[in-house]
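Asks:
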Amino acid sequence: MTWRELLWGADSVTAACTFVPPAAEAVCEVCHASTRQGRRRCFACFRTSAQVTMPAEGVVPISLYRTGDNLWHALRRYKDGRDPRLRRRLGRRLGRLLSGFLRRHLACIAPGVSPDWRITVVPPTRRRSQRHPLEKVVRRSFWLRRRYVRTLRTATRPSHNAASDTAFKVIRDVRGLPLLVVDDTFTTGASVQSATSALRLAGAQVVAVVVIGRVVNSDATPEEAELWAAATRTPWRLNRCCREGG
Ligand SMILES: [Zn+2]
Ligand SMILES: [Zn+2]
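Counting the sequence shown from 1 gives a position; the numbering used here is that position plus 99.
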């Protein structure tokens, strides 16, 4: 599939998704990327979850992707694309993907969640951005819009590799609030772990963390190449998630 087909095709964002393996031998128990032999976590998760006080113990990626893939283009251009029509189109598609995924898998990713759960997003960390593209994606879906709350603002721009309890500031009372935290991409976990820890320290009950894409660098290590090869052998389906046995 070409990039142009991704733009104009009917179901192209879902066609660009790649299977996420359940946590297992050689699959990180936090982010579902590859681990070195005998390790339960990848190096990035090992590091970023140790940098904050109350990290997320598990993250649910909807898809894996590689830099340069169609999903990578979609996840960049829905916020940075020059053409506003393109941004809207990709935003709609990502919104449908997120909404469809959460409808099907809420029971797997947040079993027993209280019916008054709310959804929030990790804010953009680029200082120049006043827009909140992922918030718009969530709010495109009627049932998610009713549950959406803005809880965080970027305080100190978190570095790519370092998570911190103070990278985001909690801007409303979240004590006791059952919250599903969403981010668009996961690379090292610095943003997701910073946001989760800030919310939990403020008293929120983070019931699950969902990211649309977990980036995989299949050139980095043989383990990562192996994980990617295995993932692409299994077709991605919306009715399957990495919390089920497969
Ligand atoms: Zn990991
Ligand atoms: Zn599921």
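Where is the CB? At the ideal position from N, CA and C, for every residue including glycine.
1) Would His-204 pass as a contact of Cys-340 if the rule is Cβ separation under 9 Å?
2) Looking at the unbroken beta strand (DSSP E) that takes in Gly-312, where does it start and where does it end?
3) If you draw a straight line from the C-alpha of Pro-183 to the C-alpha of Tyr-177, how long is it?
4) Could you give the DSSP three-state label for Asp-215: helix, strand or coil?
5) Return the bridge partner residues of Phe-285 from the DSSP annotation.
6) Among all residues, which have a Cβ less than 7 Å from at least one non-hydrogen atom of ligand 2, and in what chain order do they fall?
7) Whole angstroms are fine: how far does the CA of Lys-235 sit from the CA of Ile-270?
8) Can you confirm whether the stretch 130-147 touches the stretch 239-258 when touching is taken to mean that 3 or more C-beta pairs between the two stretches lie within less than 8 Å?
9) So, with DSSP's three-state summary, where would you put Ala-79?
10) Under the three-state reduction of DSSP, which class applies to Ser-240: helix, strand or coil?
11) Helix or strand or just coil, what does DSSP make of Pro-277?
12) Is Thr-224 near ligand 1, in the sense that its beta carbon is under 8 Å from a heavy atom of that ligand?
13) Can you look up Ser-148 in the DSSP assignment and give me helix, strand or coil?
14) Decide if Gly-137 is buried, meaning its Cβ has at least 16 other Cβ atoms within 10 Å, or exposed.
15) Look at the alpha carbon of Val-237 and the alpha carbon of Asp-283, and state the distance between them as a whole number of angstroms.
16) Using a Cβ distance threshold of 8 Å, determine whether the stretch 151-165 contacts the stretch 311-324, with at least three qualifying pairs required.
17) Name the DSSP bridge partner or partners of Pro-160?
18) Between which residues of its own chain and Gly-199 is the CB-CB distance below 7 Å, once the five residues before and five after are set aside?
19) Quick check: what's the CA-CA separation for Leu-201 versus Pro-334?
20) Output the distance between the C-alpha atoms of Gly-167 and Val-212, rounded to the nearest integer angstrom.
21) Evaluate Ala-123 with the Cβ neighbour count: other Cβ atoms within 10 Å of its Cβ, from every protein chain shown; 16 or more gives buried, anything less gives exposed.
22) CB Arg-135 to CB Thr-287, shorter than 9 Å?
23) So, at 7 Å on beta carbons, what are the nonlocal neighbours of Val-305 in its own chain, with the 5 sequence-adjacent residues on each side left out?
24) Among all residues, which have a Cβ less than 6 Å from at least one non-hydrogen atom of ligand 1, and in what chain order do they fall?
Replies: Let's see:
1) For the purposes of this step, residue 204 is taken as residue 105 along the sequence shown, with counting starting at 1. For the purposes of this step, residue 340 is taken as residue 241 along the sequence shown, with counting starting at 1. In contact: His-204 and Cys-340 (Cβ atoms closer than 9 Å).
2) Working through the sequence shown from its first residue, we reach residue 312 at position 213. Gly-312 -> beta strand (DSSP E) spans 304-314.
3) By one-based count along the sequence shown, residue 183 stands at place 84. By one-based count along the sequence shown, residue 177 stands at place 78. Spanning the alpha carbons of Pro-183 and Tyr-177 requires a straight line of approximately 9 Å.
4) Numbered from its first residue, the sequence shown carries residue 215 at position 116. Asp-215: coil per DSSP, three-state reduction.
5) In the sequence shown, counting from the first residue as 1, residue 285 sits at position 186. Per DSSP, Arg-313.
6) Going by the Cβ distance cut-off, the answer is Arg-203, His-204, Cys-207, Ile-208, Arg-339, Cys-340, Arg-342, Glu-343.
7) For the purposes of this step, residue 270 is taken as the residue at position 171 of the sequence shown. For the purposes of this step, residue 235 is taken as the residue at position 136 of the sequence shown. C-alpha separation (whole angstroms): 18 Å.
8) With the cut-off at 8 Å, the stretch 239-258 and the stretch 130-147 do not touch.
9) With the chain covering 100 to 345 only, the question about residue 79 has no answer from this structure.
10) Looking up residue 240 in the sequence shown gives position 141. The answer is coil: DSSP assigns Ser-240 none of H, G, I, E or B.
11) Against the sequence shown, residue 277 aligns to sequence position 178. Pro-277: strand per DSSP, three-state reduction.
12) Sequence index remark: in the sequence shown, residue 224 carries index 125 (1-based). Result no, Cβ not under 8 Å from ligand 1.
13) The residue given as residue 148 occupies position 49 in the sequence shown. Helix, per DSSP.
14) Within the sequence shown, numbered from 1, the residue matching residue 137 stands at position 38. With fewer than 16 Cβ atoms within 10 Å of its Cβ, Gly-137 is classed as exposed.
15) For the purposes of this step, residue 237 is taken as residue 138 along the sequence shown, with counting starting at 1. For the purposes of this step, residue 283 is taken as residue 184 along the sequence shown, with counting starting at 1. Here the alpha carbons of Asp-283 and Val-237 stand approximately 11 Å from one another.
16) Judged by Cβ distances under 8 Å, the stretch 151-165 makes contact with the stretch 311-324, as three or more pairs qualify.
17) Translated into the one-based positions of the sequence shown, residue 160 becomes position 61. Paired residues: Val-310.
18) Counting from one through the sequence shown, the residue named residue 199 turns up at place 100. Cβ within range, chain order: Leu-337.
19) One-based indexing of the sequence shown puts residue 201 at position 102. One-based indexing of the sequence shown puts residue 334 at position 235. Roughly 19 Å separates the two Cα atoms.
20) Here residue 167 refers to the residue found at position 68 of the sequence shown. Here residue 212 refers to the residue found at position 113 of the sequence shown. In a straight line, the C-alpha of Gly-167 is about 36 Å away from that of Val-212.
21) Against the sequence shown, residue 123 aligns to sequence position 24. Classified as exposed, Ala-123 has fewer than 16 neighbouring CB atoms from the shown chains inside 10 Å of its CB.
22) By 1-based counting over the sequence shown, the position of residue 135 is 36. By 1-based counting over the sequence shown, the position of residue 287 is 188. Pairing Arg-135 with Thr-287 gives a Cβ-Cβ distance that is not under 9 Å.
23) Here the question's residue 305 lines up with position 206 in the sequence shown. Around Val-305: Ala-155, Leu-278, Val-280, Thr-295, Leu-298, Arg-299.
24) Those satisfying the condition are, in chain order, Cys-127, Val-129, Cys-130, Ala-132, Arg-140, Cys-141, Ala-143, Cys-144.
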